[in-house]
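Taking my numbering, the leading residue of the first sequence gets 1, the next gets one more, and so forth. Note that the Cβ used here is the ideal one computed from N, Cα and C, for glycine as well. The structure displayed is predicted, hence computed values, not measured ones. Let me begin by presenting the structure, written as structure tokens, before commenting on it.
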Amino acid sequence: MINEGNRSKNEGAPALLRWYHSAKRPFPWRETGDPYKIWISEVMLQQTQTSRAAEYYRRWTELFPDVKSLAGADTEELLKAWEGLGYYSRARNLQKAAKQLAKSGSNSLPGDYFKLLALPGIGPYTAGAVASIAFGIPVPAIDANGRRVFSRLLDLEEPADRPAGERAIRDTFSSMIPDNAPGDFNQAVMELGATVCLPRTAACSECPLVFLCLAHIRGTALLRPVLFRKEQGRSADGHLFIFLRKDRVYLRKRPEKGLWAGFEEFPWEAPPAEASLGIPGTLIERGADMGTVRCSFTRWRVRLRTLLVPLGEREDPPLSCEGRWVGSDELLALPLSSAGGRARKKLFGLSVIPCPGRPVRAGDG
DNA sequence: TAACCGTGGGG
DNA sequence: TCCCCAAGGTT
Numbered sequence: 001m002i003n004e005g006n007r008s009k010n011e012g013a014p015a016l017l018r019w020y021h022s023a024k025r026p027f028p029w030r031e032t033g034d035p036y037k038i039w040i041s042e043v044m045l046q047q048t049q050t051s052r053a054a055e056y057y058r059r060w061t062e063l064f065p066d067v068k069s070l071a072g073a074d075t076e077e078l079l080k081a082w083e084g085l086g087y088y089s090r091a092r093n094l095q096k097a098a099k100q101l102a103k104s105g106s107n108s109l110p111g112d113y114f115k116l117l118a119l120p121g122i123g124p125y126t127a128g129a130v131a132s133i134a135f136g137i138p139v140p141a142i143d144a145n146g147r148r149v150f151s152r153l154l155d156l157e158e159p160a161d162r163p164a165g166e167r168a169i170r171d172t173f174s175s176m177i178p179d180n181a182p183g184d185f186n187q188a189v190m191e192l193g194a195t196v197c198l199p200r201t202a203a204c205s206e207c208p209l210v211f212l213c214l215a216h217i218r219g220t221a222l223l224r225p226v227l228f229r230k231e232q233g234r235s236a237d238g239h240l241f242i243f244l245r246k247d248r249v250y251l252r253k254r255p256e257k258g259l260w261a262g263f264e265e266f267p268w269e270a271p272p273a274e275a276s277l278g279i280p281g282t283l284i285e286r287g288a289d290m291g292t293v294r295c296s297f298t299r300w301r302v303r304l305r306t307l308l309v310p311l312g313e314r315e316d317p318p319l320s321c322e323g324r325w326v327g328s329d330e331l332l333a334l335p336l337s338s339a340g341g342r343a344r345k346k347l348f349g350l351s352v353i354p355c356p357g358r359p360v361r362a363g364d365g
């Protein structure tokens, strides 16, 4: 066990906090105590690297500075602000929660772990993070970093992503949280996992907790955490079609649930990942190759060859799905998936349709 | 419970 | 290139 003596264990939190205060990286969400902004940052950081979330955080908190403005915002505007960040239900759940709060007459978040947990899009990690960082409540916020750090401290042989392993981690983690600095402690664990106690590297000589780390003593740090293996990814190839009619392109709308829910997109197919569009083979020969875009979801990695297909003035795409024609202004304003956004960029780069905001010069198009 | 839900960077 | 990984949550 970690508490070979409670003495060294009790020295863990102070040592970690001292290290954190000198080593922590500057992030925009570390410059605020506003529970709303801390909530936004924690949701953005779900399964997302800090470096990517930072730019989105700045823009979002400027566009939607508080609960009320988020609750009253146009949903498409929200998704545009989230465009490219992935897991778009996070943005929808943020607004759903904001509406709940606004309806109950609040313009902020509850300072209570279980009330936070009850809000859409907030699970055990995020509730713990907001409660501890914004309100000073001594509850754990255990993410993948925390699981790795404590798997190593304990030299945990049980899978860290199964109930037994999670319990062992949570028990030790909770016992170390100092009442006077729970938010800093939670962040310090994550910071340690993100900068020192890394998955493929363990810089133990720089670690403030090395003196109580069992995996370090036993030389098993890189074998921890043990994880319950999930299914491997699969790859597929397909096509994405940009149908062009005069200066408009064709978009279809996705279902309101599931992958890229409610988004519009250039028609694409990549069997067996997506239902067939019923595309005639001749269509592919008719298209001009614009290169490849990649997209990924769940276990799929898909490469889509992008084809530009010019159609006649009254011709509709020979597809089994329905969609609509949009001009360049609207196309630019729409939220698209990352792959769709790259296809759109190719389109504007070719100046096949006018690029909004850029003067059309002779020779363009 | 296990599958689903995105994306980009690093080894 | 491919695989792993990331401040997880929902169904």
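- Here residue 47 has 87 as same chain residues with Cβ atoms under 7 Å from its own Cβ, once five neighbours each way along the sequence are excluded.
- Taking the Cα positions, residue 69 is about 16 Å away from residue 82.
- For residue 217, the enclosing alpha helix (DSSP H) stretches over residues 214–218.
- For residue 294, the enclosing beta strand (DSSP E) stretches over residues 288–297.
- For a cut-off of 8 Å, the C-beta gap from residue 98 to residue 71 is around 4 Å, short enough to register as a contact.
- Residue 345 is not bridged by DSSP to any residue.
- If you look at residue 328, you'll find it in the alpha helix (DSSP H) that goes 328–333.
- Looking at 77, 85, 32, 33, the one whose alpha-carbon comes closest to that of residue 55 is 85.
- Looking at 354, 20, 327, the one whose alpha-carbon comes closest to that of residue 181 is 20.
- Going by beta carbons, residue 184 and residue 17 fall inside the 9 Å limit.
- Residue 37 is classed as buried because its beta carbon has at least 16 other beta carbons within 10 Å across all chains shown.
- Counting other Cβ atoms within 10 Å of its Cβ, residue 217 stays below 16 and is therefore classed as exposed.
- Per DSSP, the beta-bridge partners of residue 269 are 239.
- Shortest Cα-Cα distance from residue 74 to any of 109, 221, 335 involves 335.
- Burial check for residue 145: the Cβ neighbour count within 10 Å reaches 16 or more, so the residue is buried.
- Setting aside the 5 residues that flank it on each side, residue 192 is surrounded in the same chain by 149, each with a C-beta closer than 6 Å to its C-beta; the list follows chain order.
- For residue 163, the enclosing alpha helix (DSSP H) covers residues 163–176.
- The segment 284–302 makes contact with the segment 240–259: 3 or more CB pairs, one atom from each, lie closer than 8 Å.
- Counting C-beta pairs closer than 8 Å gives fewer than three between the segment 20–36 and the segment 229–236, which falls short of the contact rule.
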